[in-house]
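A.B. asks:
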Amino acid sequence: MNETAMILLVIGIPFAAVPLIALFSRRPNIREGVSIIAGVAMCGFAAGLIPTVLAGNRPGFSLFDVIPGLPIAFEVEPLGALFALIASFLWIVTTVYSTGYMRANREASQTRFYACFALALSCTAGIAFAGNMFTLFLFYEALTLSTYPLVTHSGTAEARRSGRIYLGILLSTSIMLQLLAMLWTWVEVGSLDFVPGGLLTGRIPEGVMAALLVLYVFGVGKAAIMPFHRWLPAAMVAPAPVSALLHAVAVVKAGVFTILKIVLYIFGLDTVAGVASGYWLIYVAGATILIASIIAVRQDNLKLRLAYSTIGQLSYIVLGAALANAQAFTGSTMHIAAHAFGKVTLFFCAGAIYTASGKTKVSELAGLGRSMPWTMGAFAVASLVMIGVPPSAGFVSKWYLLQGALTADNWFAVGVMVVGTILATAYLAPVVLTAFFAAPRSAGGGADPLPKAHGEAPLPMVAALVLTAVGAIVLFFYPDLPLALARLALGGAA
Numbered sequence: 001m002n003e004t005a006m007i008l009l010v011i012g013i014p015f016a017a018v019p020l021i022a023l024f025s026r027r028p029n030i031r032e033g034v035s036i037i038a039g040v041a042m043c044g045f046a047a048g049l050i051p052t053v054l055a056g057n058r059p060g061f062s063l064f065d066v067i068p069g070l071p072i073a074f075e076v077e078p079l080g081a082l083f084a085l086i087a088s089f090l091w092i093v094t095t096v097y098s099t100g101y102m103r104a105n106r107e108a109s110q111t112r113f114y115a116c117f118a119l120a121l122s123c124t125a126g127i128a129f130a131g132n133m134f135t136l137f138l139f140y141e142a143l144t145l146s147t148y149p150l151v152t153h154s155g156t157a158e159a160r161r162s163g164r165i166y167l168g169i170l171l172s173t174s175i176m177l178q179l180l181a182m183l184w185t186w187v188e189v190g191s192l193d194f195v196p197g198g199l200l201t202g203r204i205p206e207g208v209m210a211a212l213l214v215l216y217v218f219g220v221g222k223a224a225i226m227p228f229h230r231w232l233p234a235a236m237v238a239p240a241p242v243s244a245l246l247h248a249v250a251v252v253k254a255g256v257f258t259i260l261k262i263v264l265y266i267f268g269l270d271t272v273a274g275v276a277s278g279y280w281l282i283y284v285a286g287a288t289i290l291i292a293s294i295i296a297v298r299q300d301n302l303k304l305r306l307a308y309s310t311i312g313q314l315s316y317i318v319l320g321a322a323l324a325n326a327q328a329f330t331g332s333t334m335h336i337a338a339h340a341f342g343k344v345t346l347f348f349c350a351g352a353i354y355t356a357s358g359k360t361k362v363s364e365l366a367g368l369g370r371s372m373p374w375t376m377g378a379f380a381v382a383s384l385v386m387i388g389v390p391p392s393a394g395f396v397s398k399w400y401l402l403q404g405a406l407t408a409d410n411w412f413a414v415g416v417m418v419v420g421t422i423l424a425t426a427y428l429a430p431v432v433l434t435a436f437f438a439a440p441r442s443a444g445g446g447a448d449p450l451p452k453a454h455g456e457a458p459l460p461m462v463a464a465l466v467l468t469a470v471g472a473i474v475l476f477f478y479p480d481l482p483l484a485l486a487r488l489a490l491g492g493a494a
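Residues in the sequence shown are numbered consecutively from 1, following the numbering used here.
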């Protein structure tokens, strides 16, 4: 099978699954089976493109020109190949998890949930394989719209209010800032193509370059850079599988992936480091890491704590892009993979805790490790990823980021990484310590020596969270693929 067909299948299979999911709305086993089969097929074709990319090729094609010189185009470059592979694999795992979660909690509108989930993955693949900024923008907007029904899934007044915040921030930043930056780029150079070394390099004045960088970066609201981050905690009203989708599989990863593509292919690393002066972005990313981490420490609601953790962890990826050297960019690329496996595990665990025990607050978790050892063990492993210590993939990504900060002689970035590690420990370690070592407490607040009667969540949920936790460890020992793809994206400079 040729590469063009494989690209179309990766993007098209989830989309084609949507009517089948709807068709079998009254036969849930078949409905979920369609989702899993579609995920396996999507992942298989995404994996099939990897050898071609590793060989140095970038297969692609154009569908048609919207206007002369502005096509709907697709190209599989190294960053996109990695993003598509991670997203498609985690779709399979998240679907397995969702079968346990949605049924155990008797969630309504399950068919709509699986259909929108599939549609979101199709949009994610379109973002991954976009051959220019215009194509990426179209799929970026479609991803926002397709995930809105997931955010508002419960249909409550709180969910609808959160949905308005979600749509308002993501659409306003992309239309008012990102689209403006694209129009300005088109006026300046007559193209929106992704060009190795940077489309704008040497073609526009330094002041214009700096202004465009501001518009592009803040226009990518899905990256949750402060102050455009509020949509992400608001979206925590959604069910746990949706939180996993937002934080690990699609939405936020689409944001930081877009920033990496913009820095590498629109501006170029040398331009960001020099002409366009990306230093301001280092400070913005650093501030986001520290502020979000401090807020996370203060959250008793487990999902909110994890939400603010996501905001901070995403900005490590932005920080690597802003440092604009090979080591830092490699760390950012690796952190996309590490964070995906780590954070999806954390949200899987939060959903499993809620399903099995009804608990949502950190202060309620005392002794939970005794009745839910697999879940809390996976939570402990995923916490290592966020903190950045062995044997987790987070250590590899943050090691490269630290090397990039030292190479740039940027001691602010070094300090942010050190303090950020301490803060990540402060907001995650207490969860694990409380669950395993604190005595369970009775409803009246007194010590209760007996664990609650509940055990683990349903098997599909536990199997999924254990698998992703193991994946986070496997990436520590075998990080070769993400690192090789990062080197290829940099032209072999890593």
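Ideal Cβ placement from N, Cα and C applies to all residues, glycine included.
Measuring CA to CA, which of Leu136, Ala378, Ile21 is closest to Gly342?
C.D. replies: For the purposes of this step, residue 342 is identified with residue 342 of the sequence shown, where counting begins at 1. For the residues Leu136, Ala378, Ile21, the minimum Cα distance to Gly342 belongs to Ala378.
A.B. asks: From Leu150, Pro59, Glu456, pick the residue whose C-alpha is nearest to that of Gly358; which is it?
C.D. replies: Counted from its first residue, the sequence shown places residue 358 at position 358. Considering only alpha carbons, the answer is Glu456.
A.B. asks: Tyr279 to Leu323, Cα distance in whole Å?
C.D. replies: Counting from one through the sequence shown, the residue named residue 279 turns up at place 279. Counting from one through the sequence shown, the residue named residue 323 turns up at place 323. Using only the alpha carbons, I get a separation of about 8 Å.
A.B. asks: Determine the extent of the beta strand (DSSP E) in which Gly60 is found, giving its start and end residues.
C.D. replies: Mapped onto the sequence shown, residue 60 falls at position 60. From DSSP, the beta strand (DSSP E) with Gly60 extends over 60–67.
A.B. asks: Would you check if there are 3 or more beta carbon pairs closer than 8 Å linking the stretch 35–47 to the stretch 77–86?
C.D. replies: Segments in contact, yes.
A.B. asks: What residues in its chain sit with their C-beta under 7 Å from that of Gly286, if we drop five residues either side in the sequence?
C.D. replies: Position 286 of the sequence shown, counting from 1, holds the residue named residue 286. Cβ within range, chain order: Leu319, Phe412, Ala413, Val416.
A.B. asks: What residues match up with Leu368 in a beta bridge as DSSP calls it?
C.D. replies: Reading the sequence shown from its first residue, position 368 is the one you call residue 368. According to DSSP, which records beta bridges pairwise, Leu368 is partnered with nothing at all.
A.B. asks: Go ahead and label Pro460 buried or exposed: buried means 16 or more other beta carbons lie within 10 angstroms of its beta carbon, across all protein chains shown.
C.D. replies: On the sequence shown, position 460 is the one that residue 460 refers to. Under this definition Pro460 is a buried residue.
A.B. asks: What residue from Leu245, Asn410, Leu290 has the CA that sits closest to His339's CA?
C.D. replies: Within the sequence shown, numbered from 1, the residue matching residue 339 stands at position 339. Comparing Cα positions, the closest option is Leu245.
A.B. asks: Give me the Cβ distance between Ile262 and Tyr216, rounded to the nearest whole Å; I'm assuming they're in contact under 8 Å.
C.D. replies: Along the sequence shown, one-based indexing puts residue 262 at 262. Along the sequence shown, one-based indexing puts residue 216 at 216. Going by Cβ atoms, the distance from Ile262 to Tyr216 rounds to 5 Å, so yes, they are a contact pair.
A.B. asks: Quick one: grab the DSSP three-state call for Asp270.
C.D. replies: Your numbering for residue 270 matches position 270 in the sequence shown. DSSP places Asp270 in helix when its eight states are reduced to three.
A.B. asks: Can you list, in chain order, the residues of its chain with a C-beta nearer than 6 Å to that of Ala494? Leave out the 5 residues immediately preceding and following it.
C.D. replies: Counted from its first residue, the sequence shown places residue 494 at position 494. Since pLDDT at Ala494 reaches only 40, below the 50 mark, its modelled position is unreliable, and the value read off the structure follows with that caveat. Ala326, Thr330, Ala486, Arg487, listed in sequence order.
A.B. asks: Are Ala130 and Phe74 touching if we call contact CB-CB under 9 Å?
C.D. replies: Position 130 of the sequence shown, counting from 1, holds the residue named residue 130. Position 74 of the sequence shown, counting from 1, holds the residue named residue 74. In this structure, Phe74 lies closer than 9 Å to Ala130 by Cβ.
A.B. asks: Quick check: the Cα distance between Phe477 and Ala55, rounded to an integer number of angstroms?
C.D. replies: Numbered from 1 along the sequence shown, position 477 holds the residue referred to as residue 477. Numbered from 1 along the sequence shown, position 55 holds the residue referred to as residue 55. Going by the C-alpha atoms only, they are around 23 Å apart.
A.B. asks: Tell me the rounded alpha-carbon separation between Phe61 and Ile259.
C.D. replies: If you number the sequence shown from 1, residue 61 lands on position 61. If you number the sequence shown from 1, residue 259 lands on position 259. Taking the straight line joining both Cα atoms gives about 23 Å.
A.B. asks: Could you give the DSSP three-state label for Asn301: helix, strand or coil?
C.D. replies: For the purposes of this step, residue 301 is taken as residue 301 along the sequence shown, with counting starting at 1. The answer is strand: DSSP assigns Asn301 an E or B state.
A.B. asks: Could you name the residues that DSSP lists as bridge partners for Pro71?
C.D. replies: Taking the sequence shown and counting its residues from 1, the one referred to as residue 71 is at position 71. Note: Pro71 sits in a beta bridge opposite Asp65.
A.B. asks: Give me the Cα-Cα distance between Gly351 and Pro241, rounded to the nearest whole angstrom.
C.D. replies: Your numbering for residue 351 matches position 351 in the sequence shown. Your numbering for residue 241 matches position 241 in the sequence shown. About 8 Å.
A.B. asks: State the DSSP-derived secondary structure class of Ala439, mapped to helix, strand or coil.
C.D. replies: As a position in the sequence shown, residue 439 is number 439, starting the count at 1. Three-state result, Ala439: coil.
A.B. asks: For the candidate residues Gly155, Ser309, Val96, whose alpha-carbon lies nearest to that of Ile289?
C.D. replies: Sequence index remark: in the sequence shown, residue 289 carries index 289 (1-based). Among Gly155, Ser309, Val96, the Cα nearest to that of Ile289 belongs to Ser309.
A.B. asks: At 4 residues or longer, what runs of the alpha helix (DSSP H) sit wholly inside the stretch 335–381?
C.D. replies: You should have 368–371.
A.B. asks: Who are Leu193's beta bridge partners in DSSP?
C.D. replies: What you label residue 193 is simply residue 193 of the sequence shown in a count that begins at 1. According to the sequence shown, residue 193 is Asp rather than Leu. Answer is Asn132, bridged to Asp193.
A.B. asks: Since Arg160 is in the alpha helix (DSSP H), which residue starts that stretch and which ends it?
C.D. replies: For the purposes of this step, residue 160 is identified with residue 160 of the sequence shown, where counting begins at 1. Looking at the DSSP string, the run of the alpha helix (DSSP H) that includes Arg160 is 157–173.
A.B. asks: Starting from Ser109 and walking both ways along the alpha helix (DSSP H), at which residues does that stretch end?
C.D. replies: Taking the first residue of the sequence shown as 1, we reach residue 109 at position 109. From DSSP, Ser109 is part of no alpha helix (DSSP H); its letter is neither H nor E.
A.B. asks: Below 8 Å on the Cβ atoms is my guess for Thr468 versus Thr345; work out the distance and round it to an integer in Å.
C.D. replies: Residue numbering aside, residue 468 sits at position 468 when the sequence shown is read from its first letter. Residue numbering aside, residue 345 sits at position 345 when the sequence shown is read from its first letter. So it is a contact: roughly 4 Å between Cβ atoms.
A.B. asks: Let me make sure I understand the geometry here. Which of Val362, Arg230, Val18, Asn132 has the alpha-carbon closest to that of Arg161?
C.D. replies: One-based indexing of the sequence shown puts residue 161 at position 161. When each option's Cα is compared against that of Arg161, the closest is Arg230.
A.B. asks: State buried or exposed for Thr333, treating a residue as buried only when at least 16 other CB atoms are found within 10 Å of its CB.
C.D. replies: As a position in the sequence shown, residue 333 is number 333, starting the count at 1. Under this definition Thr333 is a buried residue.
A.B. asks: Counting C-beta neighbours from all protein chains within 10 Å, is the total for Ile67 16 or more, i.e. buried, or is it exposed?
C.D. replies: Locating residue 67 in the sequence shown gives position 67, counting from the first residue. It is exposed - the Cβ of Ile67 has fewer than 16 other Cβ atoms within 10 Å.
A.B. asks: Could you check whether Ala328 and Leu403 sit closer than 9 Å to each other, using their CB atoms as the reference points?
C.D. replies: Within the sequence shown, numbered from 1, the residue matching residue 403 stands at position 403. Within the sequence shown, numbered from 1, the residue matching residue 328 stands at position 328. Note on residue identity: the sequence assigns Gln, not Leu, to residue 403. For Gln403 and Ala328, yes; Cβs fall inside 9 Å.
A.B. asks: If you draw a straight line from the C-alpha of Ala307 to the C-alpha of Ser146, how long is it?
C.D. replies: Along the sequence shown, one-based indexing puts residue 307 at 307. Along the sequence shown, one-based indexing puts residue 146 at 146. Between Ala307 and Ser146, the C-alpha separation is close to 20 Å.
A.B. asks: Along the chain, where does the alpha helix (DSSP H) that runs through Tyr478 open and close?
C.D. replies: Your numbering for residue 478 matches position 478 in the sequence shown. Neither: Tyr478 is in no alpha helix (DSSP H) and is coded neither H nor E.
A.B. asks: Determine, using beta carbons only, whether Gln313 and Met386 come nearer to each other than 9 Å.
C.D. replies: On the sequence shown, position 313 is the one that residue 313 refers to. On the sequence shown, position 386 is the one that residue 386 refers to. It is a contact, given that the beta carbons lie within the stated cut-off.
A.B. asks: Between which two residues does the alpha helix (DSSP H) carrying Asn29 extend?
C.D. replies: Looking up residue 29 in the sequence shown gives position 29. Taken as a continuous stretch (DSSP letters only), the alpha helix (DSSP H) holding Asn29 covers 28–54.
A.B. asks: My parser needs the alpha helix (DSSP H) runs of 4 or more residues fully inside the stretch 199–279; what are they?
C.D. replies: Taking only runs of at least 4 residues, the alpha helix (DSSP H) segments lying wholly in the stretch 199–279 are 206–219, 231–234, 240–244, 251–261, 269–273.
A.B. asks: Which class does Phe24 belong to by DSSP, given the choice of helix, strand or coil?
C.D. replies: Mapped onto the sequence shown, residue 24 falls at position 24. Note: Phe24 maps to coil in three-state DSSP.
A.B. asks: Do Gly198 and Asp270 have their CB atoms nearer than 9 Å?
C.D. replies: On the sequence shown, position 198 is the one that residue 198 refers to. On the sequence shown, position 270 is the one that residue 270 refers to. It is a contact, given that the beta carbons lie within the stated cut-off.
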